[in-house]
Amino acid sequence: MFDTNTTIRAIVADDYRAAAVFQKHGIDFCCGGNRPVADACDEKGIDARLVASELRAALASESDQPRVAAWDLDFLADYIVTNHHAYVRSAIETIGAHTRKVAGVHGENHPETIEIAARFEEIAAEMTSHMAKEERVLFPYIKALAVAKREGGPAPRAPFGSIANPIRMMEAEHQAAGDTMAAIRRLSQDYAPPADACTTYQVTYKELAAFEADLHRHVHLENNILFPRALDLER
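With this note's numbering applied, the sequence shown covers 1 to 235.
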């Protein structure tokens, strides 16, 4: 149950099908999810009652979505690494090669492809560094917290003071990555290839759209579920 004063984060964390409704209306459910539905709708000039009605319709049926919010945090952290981090590492190699190729072949007639290639190089470097920090520092501490809680042991010593410190950094980097992908989407006219686009050009835009969709899911799992629960656990 929810109303327009419920946070976007809470609704999407409970059932990811809600993300499609927010995305339809251009409402950020990843980095900007920690605010009430009503506030986000007011900002967009949308009727919050309409959005709430659409959400209830989308969530009315039985869901086969996993209840990620109920998972142990160590399992969730491993899931993010295995599914999303692995995907990003694989995708940035393929998409990076394709964006560079498209820019080289079509850049003269479509100069936006040159900027898209440069922007994707930025996000590839940012995400590579970002994921390494999570896997080497933040996630091991979260997993140790979860094990200590489950087994009744002492809390692990934090090498960074409060866990809030690295979480703030990771959330800022999530915002930067999301902004970069939003810029790529604008440059590509919502990933719509022009009439003279070759097969590689068309495939590249599909790959970029899939990458952004995965990034939204990835960031949602961390910003809306993993990080808030880890902060609660540390307290």
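We put the beta carbon where it would ideally sit given N, CA and C, even for glycine.
So, with DSSP's three-state summary, where would you put residue i?
i, result
"A128", "Note that residue 128 corresponds to Thr in the displayed sequence, not to Ala. Of the three classes helix, strand and coil, the one that applies to T128 here is helix, per DSSP."
"P36", "strand"
"G161", "strand"
"T199", "helix"
"T6", "coil"
"G178", "helix"
"Y205", "helix"
"I27", "coil"
"D15", "coil"
"A192", "coil"
"P156", "coil"
"H218", "helix"
"E62", "coil"
"R67", "coil"
Taking the continuous alpha helix (DSSP H) assigned at residue i, which residues delimit it?
i, result
"Y79", "L73 to Y79"
"V105", "A86 to H106"
"V137", "Note, V137: premise wrong, no alpha helix (DSSP H); not H, not E."
"F227", "F227 to E234"
"S53", "A48 to A58"
Out of curiosity, what's the CA-to-CA distance linking residue i and residue j?
i, j, result
"T200", "R157", "50 Å"
"A77", "C41", "31 Å"
"T7", "Y16", "14 Å"
"K44", "G152", "46 Å"
"P193", "S90", "23 Å"
"R235", "A172", "22 Å"
"M169", "H218", "16 Å"
Residue i and residue j look like a contact to me (Cβ under 8 Å); what is the Cβ gap, rounded to whole Å?
i, j, result
"L233", "A146", "7 Å"
"A13", "A69", "5 Å"
"L226", "I80", "7 Å"
"L208", "I123", "With a Cβ gap of about 10 Å, L208 and I123 do not count as contacting."
"C31", "N165", "That pair is no contact at about 18 Å."
Any 3 or more C-beta pairs closer than 8 Å across the stretch 45-62 and the stretch 183-192:
no
May I ask you to verify whether the stretch 100-117 touches the stretch 162-179, counting CB pairs closer than 8 Å and requiring at least 3?
no
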